[in-house]
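Accompanying notes for the structure given below.
Numbering (full-length UniProt numbering), first residue to last: 1 to 591.
Below, the structure is given as structure tokens:
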């Protein structure tokens with residue numbers, strides 16, 4: 001064995017601290033170290049052992065520390081002093097009678113076992129190594145929402161989550177929706193967006209507003225499938241290594257799923273709303289056969305109908321495709337989205353949902369192939385999140401900082417709910433007479449007129465305790481400790497955000513799934529109260545005041561809200577139900 005004295009070592013010896021190049025260990029261990037394998041085996045099986053060679057220890061120390069060693073001689077002296085022992089009987093017998101040594105050996109045995117077991121450190125490292133070694137190919141996923149904000153937002157959150165897992169994502173919107181989104185993102189942040197944002201024409205003319213909902217639906221169904229196929233062909237023609245490998249589409253954009261199947265591309269349907277609502281929609285053909293609803297989706301008898309224990313019962317005004325007061329729109333929704341839903345899901349390889357099992361266990365069991373992967377959050381991402389159609393008024397967060405904890409009523413009604421001027425006035429007065437701090441989101445198109453008109457002198461009277469703005473960063477608002485309750489239209493995005501932040505609800509549904517969502521909130525989960533209109537269909541200021549006061553004094557509702565918040569957090573944590581579902585989906589699309 002060569003000397004470890006610096007003077008006798010080769011000037012090119014990699015153990016020398018002055019060596020210019022970092023040492024790269026050989027692929028095969030030095031041949032004079034066979035006995036060191038025995039030490040390793042002893043550790044694995046928990047057998048007490050005697051260290052009688054120090055060369056492996058010093059060799060490994062040199063490998064990992066060579067560049068930072070200031071004095072190799074000191075290291076060598078240390079090693080010699082600590083590890084050079086003769087093979088006397090005393091040395092061999094000592095560890096056999098030492099309980100501490102034996103216990104340490106058993107501890108190392110357990111640590112070694114855990115490291116290679118499923119989920120262990122070495123198991124994970126080896127798995128990552130194999131995945132990276134196996135192929136340089138990466139999936140390229142195309143995400144397609146139905147082009148309205150309530151559907152764009154959750155699909156955008158999903159796209160970001162995919163990007164977080166190293167997947168290339170192209171997000172496809174209609175030209176008009178894409179323009180609104182990009183206009184709401186500050187210019188300096190656009191280059192930091194981690195996904196590719198593109199658009200295709202939906203056939204609408206940019207110089208005029210569509211005449212009605214029927215015109216919009218027909219235009220989207222006629223133009224977007226053709227333009228989508230052309231976009232995919234163009235992308236696939238550019239680079240063989242980055243062809244579209246999977247299409248993830250909103251269940252309401254069934255035409256995108258049809259394009260995927262036509263082109264032989266794997267596809268996933270995404271329900272941007274709750275699985276309970278999806279259950280009722282998937283049962284529509286059977287409900288028609290049974291005479292419960294007619295061919296237009298209208299309940300034949302205006303009575304409470306309960307499909308199963310999986311979903312709350314509903315009446316004629318509370319169908320998940322209901323549009324009270326506008327029967328033509330309700331028929332359009334049913335014809336374009338509900339009747340073909342079963343077929344669109346059948347042609348999909350996966351069904352994803354922005355929900356979590358613990359929130360809707362019976363509905364999840366009713367659709368066993370569904371993968372709940374929610375709640376989907378935007379605030380998990382450090383960069384800009386281009387999912388809004390209006391610039392967010394983040395100044396409200398500093399205003400919230402100035403309010404007492406649990407004192408603020410947050411009122412927001414989504415991106416499309418509309419009320420008349422009379423109802424708007426009652427809402428304004430209801431917030432005023434409460435005399436509590438309130439944050440109220442009033443879109444420019446919130447009333448059926450051109451612009452909402454506040455009652456005379458209203459803004460001056462509430463200036464000291466009311467904050468009014470056009471759009472707010474809702475997740476951040478609901479997470480703020482000063483917020484006491486959420487006056488909401490109960491769209492599914494708002495429902496999920498309120499549930500996940502542990503905020504009690506004051507429910508004011510307007511149409512479609514909002515009715516069944518409010519039933520879940522008030523009757524199933526018991527985390528809110530519902531506002532009841534008077535005989536003229538108006539929610540009065542006194543109804544608002546009374547229900548807010550009742551809600552804020554209900555300790556059971558608050559406790560239930562906090563329980564749901566904890567369940568939501570657990571579902572997306574490592575090992576949680578939604579986390580497992582999402583990782584399973586990721587593994588499958590990478591194959």
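Positions of the beta carbon are idealized from the N, C-alpha and C atoms, including for glycine.
Taking 8 Å as the CB-CB limit, is residue i close to chain D?
i: residue 532; result: Any reference to chain D falls outside this structure, which holds one protein chain only.
Should residue i be labelled buried (16 or more other beta-carbon atoms within 10 Å of its own) or exposed?
i: residue 34; result: Confidence in residue 34 is poor, its pLDDT being 45 and thus under 50, which makes the residue's placement too unreliable to answer from.
i: residue 103; result: exposed
i: residue 21; result: Because residue 21 sits at a pLDDT of 37, beneath the cut-off of 50, its placement in the model cannot be relied upon, and the point is left open.
i: residue 519; result: buried
i: residue 477; result: buried
i: residue 394; result: exposed
i: residue 481; result: exposed
i: residue 338; result: buried
i: residue 87; result: Only weak support is given to the placement of residue 87: the predicted model assigns it a pLDDT of 48, under 50, and the value that follows is read from those uncertain coordinates. It is exposed - the Cβ of residue 87 has fewer than 16 other Cβ atoms within 10 Å.
i: residue 203; result: buried
i: residue 591; result: exposed
i: residue 113; result: exposed
i: residue 76; result: Low confidence applies here, because residue 76 scores a pLDDT of 48, under 50, leaving its location unreliable and the question unanswered by this model.
i: residue 29; result: In this prediction, residue 29 has a pLDDT of 39, which is less than 50 and means its spatial position is unreliable; nothing more can be read from the coordinates.
i: residue 255; result: buried
i: residue 583; result: exposed
i: residue 111; result: exposed
i: residue 107; result: exposed
i: residue 440; result: buried
i: residue 64; result: The predicted position of residue 64 is uncertain, since its pLDDT is 43 and thus under 50; a value taken from the coordinates is nonetheless stated next. Answer is exposed; the Cβ neighbour count stays below 16.
i: residue 517; result: buried
i: residue 596; result: It is not possible to answer for residue 596, since the shown part of the chain is limited to 1 through 591.
i: residue 199; result: buried
i: residue 533; result: exposed
Below 8 Å on the Cβ atoms is my guess for residue i versus residue j; work out the distance and round it to an integer in Å.
i: residue 220; j: residue 246; result: 22 Å between Cβ atoms; not a contact.
i: residue 557; j: residue 527; result: 6 Å
i: residue 513; j: residue 355; result: No, residue 513 and residue 355 are not in contact; Cβ-Cβ is about 12 Å, not under 8 Å.
i: residue 186; j: residue 376; result: Actually they do not touch by this definition, with Cβ atoms about 23 Å apart.
i: residue 564; j: residue 502; result: 7 Å
i: residue 483; j: residue 548; result: Actually they do not touch by this definition, with Cβ atoms about 13 Å apart.
i: residue 506; j: residue 531; result: 6 Å
i: residue 511; j: residue 201; result: Wrong, their Cβ atoms sit about 28 Å apart, outside the cutoff.
i: residue 225; j: residue 258; result: 7 Å
i: residue 464; j: residue 447; result: With a Cβ gap of about 25 Å, residue 464 and residue 447 do not count as contacting.
i: residue 494; j: residue 414; result: 6 Å
i: residue 567; j: residue 332; result: In fact, because the Cβ distance is near 36 Å, the residues do not count as touching under 8 Å.
i: residue 235; j: residue 244; result: 6 Å
i: residue 433; j: residue 545; result: 5 Å
i: residue 169; j: residue 195; result: 4 Å
i: residue 345; j: residue 442; result: Residue 345 to residue 442, Cβ: 37 Å. No contact.
Among all the DSSP beta bridges, which residues are the ones paired with residue i?
i: residue 142; result: 170 and 247
i: residue 555; result: DSSP lists no partner for residue 555.
i: residue 485; result: 409
i: residue 293; result: 299
i: residue 198; result: 172
i: residue 490; result: BP columns for residue 490 are empty, so no partner.
i: residue 438; result: 409 and 466
i: residue 271; result: 353
i: residue 529; result: 506
i: residue 372; result: 353
i: residue 447; result: 419
i: residue 266; result: 246
Let me check understanding here. Comparing Cα to Cα, which of the options lies closest to residue i?
i: residue 352; options: 511, 159 and 171; result: 159
i: residue 253; options: 342, 328, 300 and 324; result: 342
i: residue 427; options: 416, 538 and 241; result: 538
i: residue 150; options: 233, 489 and 164; result: 489
i: residue 349; options: 173, 369, 360 and 331; result: 369
i: residue 163; options: 174, 141, 146 and 172; result: 141
i: residue 299; options: 330, 276, 277 and 278; result: 330
i: residue 521; options: 498, 543, 541 and 535; result: 498
i: residue 402; options: 444, 414, 466 and 263; result: 466
i: residue 328; options: 239, 347, 296 and 357; result: 296
i: residue 288; options: 540, 335, 251 and 216; result: 335
i: residue 471; options: 504, 536, 397 and 541; result: 397
i: residue 230; options: 509, 172 and 278; result: 172
i: residue 278; options: 109, 445 and 364; result: 364
I'd like to confirm something about residue i: is its beta-carbon nearer than 7 Å to some heavy atom of the ligand GDP, or not?
i: residue 359; result: Ligands are entirely absent from the displayed structure, and the ligand GDP is therefore not among its contents.
Are three or more beta carbon pairs between the segment 454–462 and the segment 570–585 nearer than 8 Å?
Touching, no.
Is there contact between the segment 291–301 and the segment 266–275, where contact requires at least three CB pairs shorter than 8 Å?
Flag = no, the segment 291–301 and the segment 266–275 do not touch.
Three or more C-beta pairs under 8 Å: does that hold for the segment 174–183 against the segment 277–286?
Of all C-beta pairs linking the segment 174–183 to the segment 277–286, fewer than three are shorter than 8 Å, placing the two stretches out of contact.
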